[in-house]
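A.B. asks: So the protein lines, in turn, are chains Z and D.
Yeah, the first sequence ends on 281 if you go by full-length UniProt numbering, and it's all consecutive.
Yeah, the second sequence ends on 281 if you go by full-length UniProt numbering, and it's all consecutive.
There are 2 protein chains.
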Amino acid sequence: MLKVPDHQVAGHQAGDGKLGPLIDDSGHFYKPLQNDGRGSHELAFYTSFSTDTRIPDHIRKFFPVFYGTRHLEASDGSGLYPHLALEDTVSSRINPSVLDAKIGSRTWYPQAAEDYIIKCLKKDRETTSLELGFRVSGLRVYGNKETGFWKPDKKCVLNFSIEDTRLALRKFVSSNPSTDSGIKPDCSFASTVYGGPAGILAQLLELKSWFEEQTIFHFYSCSVLMVYEKESILQGRNSGAEIKLVDFAHVIEGKGVIDHNFLGGLCSLIKLISDIVTSSA
Amino acid sequence: MLKVPDHQVAGHQAGDGKLGPLIDDSGHFYKPLQNDGRGSHELAFYTSFSTDTRIPDHIRKFFPVFYGTRHLEASDGSGLYPHLALEDTVSSRINPSVLDAKIGSRTWYPQAAEDYIIKCLKKDRETTSLELGFRVSGLRVYGNKETGFWKPDKKCVLNFSIEDTRLALRKFVSSNPSTDSGIKPDCSFASTVYGGPAGILAQLLELKSWFEEQTIFHFYSCSVLMVYEKESILQGRNSGAEIKLVDFAHVIEGKGVIDHNFLGGLCSLIKLISDIVTSSA
Numbered sequence: 001m002l003k004v005p006d007h008q009v010a011g012h013q014a015g016d017g018k019l020g021p022l023i024d025d026s027g028h029f030y031k032p033l034q035n036d037g038r039g040s041h042e043l044a045f046y047t048s049f050s051t052d053t054r055i056p057d058h059i060r061k062f063f064p065v066f067y068g069t070r071h072l073e074a075s076d077g078s079g080l081y082p083h084l085a086l087e088d089t090v091s092s093r094i095n096p097s098v099l100d101a102k103i104g105s106r107t108w109y110p111q112a113a114e115d116y117i118i119k120c121l122k123k124d125r126e127t128t129s130l131e132l133g134f135r136v137s138g139l140r141v142y143g144n145k146e147t148g149f150w151k152p153d154k155k156c157v158l159n160f161s162i163e164d165t166r167l168a169l170r171k172f173v174s175s176n177p178s179t180d181s182g183i184k185p186d187c188s189f190a191s192t193v194y195g196g197p198a199g200i201l202a203q204l205l206e207l208k209s210w211f212e213e214q215t216i217f218h219f220y221s222c223s224v225l226m227v228y229e230k231e232s233i234l235q236g237r238n239s240g241a242e243i244k245l246v247d248f249a250h251v252i253e254g255k256g257v258i259d260h261n262f263l264g265g266l267c268s269l270i271k272l273i274s275d276i277v278t279s280s281a
Numbered sequence: 001m002l003k004v005p006d007h008q009v010a011g012h013q014a015g016d017g018k019l020g021p022l023i024d025d026s027g028h029f030y031k032p033l034q035n036d037g038r039g040s041h042e043l044a045f046y047t048s049f050s051t052d053t054r055i056p057d058h059i060r061k062f063f064p065v066f067y068g069t070r071h072l073e074a075s076d077g078s079g080l081y082p083h084l085a086l087e088d089t090v091s092s093r094i095n096p097s098v099l100d101a102k103i104g105s106r107t108w109y110p111q112a113a114e115d116y117i118i119k120c121l122k123k124d125r126e127t128t129s130l131e132l133g134f135r136v137s138g139l140r141v142y143g144n145k146e147t148g149f150w151k152p153d154k155k156c157v158l159n160f161s162i163e164d165t166r167l168a169l170r171k172f173v174s175s176n177p178s179t180d181s182g183i184k185p186d187c188s189f190a191s192t193v194y195g196g197p198a199g200i201l202a203q204l205l206e207l208k209s210w211f212e213e214q215t216i217f218h219f220y221s222c223s224v225l226m227v228y229e230k231e232s233i234l235q236g237r238n239s240g241a242e243i244k245l246v247d248f249a250h251v252i253e254g255k256g257v258i259d260h261n262f263l264g265g266l267c268s269l270i271k272l273i274s275d276i277v278t279s280s281a
């Protein structure tokens, strides 16, 4: 039984007759192939990546497992449509808190069409991408049964300043995410979610080491998804903190050069998260 | 006695009635203050940096010592002109080999004037800056008494492809730098100049560690100068391998964010040099 995922924080969303991703109970996430070449480009990436023996296992775990393509009834009611069948790392969780950070101060690649470059450059300058090296594309943070999720709308998130971004990264690991600006986020889950040997910071640093070396792919307009389960922590269990790279419609060949654009942005995200861990220790 | 330095590989050069840097026998390098605000901007950086207690000594050594300003007879014969008095780390050496790498895939800063941004973006796209994260701005490599220096002209260097850049970094540490493209550069000084505990790679990695943390300055259009003395190696002495950051006319405040643009490009340079050390070990 296909349904619209409720955990999605960025990208095209299904519902209201729109084409968007679907999930089922098998733990798969079905992403409709975007037209204008992006869909086929992302499919080509997953096909190439999933069989590339140069990718070490400890890095492969940061990418969704790819199960091929499926023709499914599209969410916009237009009939059968090709979808990428991917591992769904979020839907199986209980009230997952999710943050999507689009990495890189530049979301366009050198060989892109001129009008695409102009469009991206404008957005990179209008958001934090250019100055901060990444931008938050969306987030939802679980509070509790009464408050539910804090989920600022898309327009609000795209207007985030650097200080807003810093605050969002603090709220993401706070027990009081949705409170007014008067009360400081408590960062009470920072040490559990960001910190520790299996925390998000450790995973980001592992990814960073790979990006210092790998010259296979350059990831433009690609996001790091950060996920964890607050209730799991409160019940004394593992936070389930996990990062995944998503959105590969603009991945190009590295041709022997490191992805300095992604690496720089990743280091900036690491610095901000590291500052939060340090200040709440 | 002021004279025109002969080791300069990039930037405005004195001689033929043009305004450019001068040296004397005191070990000072006099850089005329550029007009249109760049000179005063660079002066402000040196003034601020030289008294900033947040800069650790092991990082300060990568910057030229600043001795204030001097009014000197300009090299273009126009009379007294203000110059920055800086440590001259190159002229005192014997036949120094020098390479100037302008770091960052983006040489413009967000707040710059629109026409300046367009000009820089164009040059970043025409050179290797955008794809490689840095571009070689100039180099001269000592061969021997007969051949002298291999010093490709400015136009040639600005047209370097990524492969040309890789080759130049190999030639920089070769005993046969100026040979035709048929013969491979031997990289016979790679382990001495790039490698080792005091080599250029170790220094670049030390600088990188600082850039992963520091949020004080963002260095746009700034270069890493790499210097060593071949004859010193041949005589069994220290290579004198040293890196220095130069050109601070476009440094802006970091405001709590790391310089991901410089860091990304620095990591790309490190990867290329690291590849050379590994392959010639």
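From the three backbone atoms N, C-alpha and C, an ideal C-beta is built for every residue, glycine too.
Note down, in chain order, all residues in the region 157–180 of chain Z with a beta-carbon under 7 Å from any beta-carbon belonging to chain D.
C.D. replies: Under the 7 Å Cβ criterion, the region 157–180 of chain Z contributes Ile162.
A.B. asks: If we cut at 9 Å on Cβ distances, does serine 239 of chain Z have a partner in chain D?
C.D. replies: Chain D, which has no Cβ nearer than 9 Å to the Cβ of serine 239 of chain Z, makes this no.
A.B. asks: Quick one: give me the first and last residue of the alpha helix (DSSP H) that glutamate 131 of chain D is part of.
C.D. replies: Here the alpha helix (DSSP H) through glutamate 131 of chain D covers 129–132.
A.B. asks: Spell out whether any CB of chain D is found under 9 Å from the CB atom of proline 185 of chain Z.
C.D. replies: False, the Cβ-Cβ gap to chain D never drops below 9 Å.
A.B. asks: From which residue to which residue does the alpha helix (DSSP H) around threonine 165 of chain D run?
C.D. replies: Run containing threonine 165 of chain D: 162–171, per the alpha helix (DSSP H) assignment.
A.B. asks: Leaving out five residues before and five after proline 177 of chain Z in sequence, what residues of the same chain have Cβ atoms less than 6 Å from its Cβ?
C.D. replies: If we look at proline 177 of chain Z and ignore the five residues flanking it on each side, its Cβ neighbours are Val141, Gly143, Trp150, Lys171.
A.B. asks: With a threshold of 9 Å between beta carbons, is arginine 93 of chain Z in contact with chain D?
C.D. replies: No, arginine 93 of chain Z does not count as interfacial toward chain D.
A.B. asks: According to a CB-to-CB cut-off of less than 8 Å, which residues of the region 122–142 of chain D neighbour chain Z?
C.D. replies: Going along the region 122–142 of chain D in chain order, one finds Arg125, Leu130, Glu131, Leu132, Gly133 with a Cβ nearer than 8 Å to chain Z.
A.B. asks: Leaving out the 5 sequence neighbours to the left and right, which residues in its chain are closer than 8 Å to leucine 201 of chain Z when beta-carbon positions are compared?
C.D. replies: For leucine 201 of chain Z, where only same-chain residues beyond five positions count, the Cβ hits under 8 Å are Tyr194, Gly195, Ile270, Ile273, Ser274, Val277.
A.B. asks: Output, in sequence order along the chain, the residues in the region 253–267 of chain D whose CB is closer than 9 Å to any CB in chain Z.
C.D. replies: Cβ contacts with chain Z: Lys255, Gly256, Val257, Ile258, Asp259, His260, Asn261, Phe262, Leu263, Gly264, Gly265, Leu266, Cys267.
A.B. asks: Exposed or buried, which one is histidine 250 of chain Z when buried takes at least 16 other CB atoms within 10 Å?
C.D. replies: Buried, by the Cβ-count rule.
A.B. asks: Whole alpha helix (DSSP H) runs in the region 218–278 of chain Z with 4 or more residues, listed along the chain?
C.D. replies: 230–234, all fully within the region 218–278 of chain Z.
A.B. asks: For arginine 166 of chain Z, collect the residues of the same chain with a Cβ closer than 7 Å to its Cβ; drop the 5 residues on either side in sequence, then sort them by chain order.
C.D. replies: Once the five neighbours on either side are set aside, the close Cβ partners of arginine 166 of chain Z are Leu272.
A.B. asks: Could you tell me whether any Cβ in chain D is nearer than 9 Å to the Cβ of proline 152 of chain Z?
C.D. replies: By this cut-off, proline 152 of chain Z is not an interface position.
A.B. asks: Hey, would you say proline 5 of chain D sits closer than 9 Å to aspartate 88 of chain D, going by beta carbons?
C.D. replies: The answer is yes: Cβ separation under 9 Å.
A.B. asks: How many angstroms separate the CA atom of valine 224 of chain D from the CA atom of leucine 245 of chain D?
C.D. replies: For valine 224 of chain D and leucine 245 of chain D, the distance between alpha carbons rounds to 5 Å.
A.B. asks: Can you list the beta strand (DSSP E) stretches of 3 or more residues lying completely in the region 22–74 of chain D, in chain order?
C.D. replies: Complete beta strand (DSSP E) runs here, min 3: 28–32, 66–73.
A.B. asks: What residues from chain Z crowd round serine 50 of chain D, counting only those whose CB sits closer than 7 Å?
C.D. replies: The contacting residues do not exist; serine 50 of chain D stays about 25 Å from chain Z at best.
A.B. asks: Name the one or two DSSP bridge partners that tyrosine 109 of chain D has.
C.D. replies: Answer is none; tyrosine 109 of chain D lacks a bridge partner.
A.B. asks: From the beta carbon of serine 221 of chain D, is the nearest beta carbon of chain Z less than 9 Å away?
C.D. replies: No, serine 221 of chain D does not count as interfacial toward chain Z.
A.B. asks: Against chain Z, with Cβ distances strictly below 9 Å, would threonine 47 of chain D count as a contact?
C.D. replies: No - not a single Cβ of chain Z is within 9 Å of the one on threonine 47 of chain D.
A.B. asks: So which residues of chain D does proline 110 of chain Z contact, with C-beta pairs closer than 9 Å?
C.D. replies: Correct list: Arg125, Leu130, Glu131.
A.B. asks: Taking C-beta pairs closer than 9 Å, name the residues in chain Z that serine 105 of chain D reaches, listed in chain order.
C.D. replies: What serine 105 of chain D touches in chain Z: Ser105, Arg106, His260, Asn261, Gly264.
A.B. asks: Classify residue 282 of chain Z: buried if its beta carbon has 16 or more other beta carbons within 10 angstroms, exposed otherwise.
C.D. replies: With chain Z running from 1 to 281 in the structure shown, residue 282 of chain Z is simply not present.
A.B. asks: In terms of residues, what are the limits of the beta strand (DSSP E) holding tyrosine 81 of chain D?
C.D. replies: Where tyrosine 81 of chain D is concerned, the enclosing beta strand (DSSP E) stretches over 80–87.
A.B. asks: To the nearest angstrom, how far is it from the Cα of cysteine 267 of chain Z to the Cα of glutamine 214 of chain D?
C.D. replies: So the alpha carbons of these two residues sit roughly 11 Å apart.
A.B. asks: So with CB distances below 7 Å, who are the chain D contacts of lysine 155 of chain Z?
C.D. replies: The contacting residues do not exist; lysine 155 of chain Z stays about 22 Å from chain D at best.
A.B. asks: Does the region 247–261 of chain D come within contact of the region 216–236 of chain D, defined as at least 3 CB pairs closer than 8 Å?
C.D. replies: A contact exists between the region 247–261 of chain D and the region 216–236 of chain D.
A.B. asks: For a test of the three-state rule: what should DSSP assign to arginine 135 of chain Z, helix, strand or coil?
C.D. replies: Arginine 135 of chain Z: strand per DSSP, three-state reduction.
A.B. asks: If we count the other Cβ atoms within 10 Å of its Cβ and call it buried at 16 or more, is alanine 10 of chain D buried or exposed?
C.D. replies: So alanine 10 of chain D ends up on the buried side.
A.B. asks: Return the bridge partner residues of aspartate 100 of chain Z from the DSSP annotation.
C.D. replies: Aspartate 100 of chain Z is bridged to Z:Gly138, Z:Leu225.
A.B. asks: Following the continuous alpha helix (DSSP H) through aspartate 115 of chain Z, name the residue where it begins and the one where it ends.
C.D. replies: Where aspartate 115 of chain Z is concerned, the enclosing alpha helix (DSSP H) stretches over 114–126.
A.B. asks: Below 8 Å, how does it come out for the region 94–104 of chain Z and the region 224–237 of chain Z: are there three or more Cβ pairs, yes or no?
C.D. replies: Yes, they touch.
A.B. asks: Where do the ends of the alpha helix (DSSP H) carrying serine 209 of chain D lie?
C.D. replies: Unbroken alpha helix (DSSP H) run through serine 209 of chain D: 200–211.
A.B. asks: With H, G and I counted as helix, E and B as strand and the rest as coil, what does DSSP make of lysine 151 of chain D?
C.D. replies: The answer is coil: DSSP assigns lysine 151 of chain D none of H, G, I, E or B.
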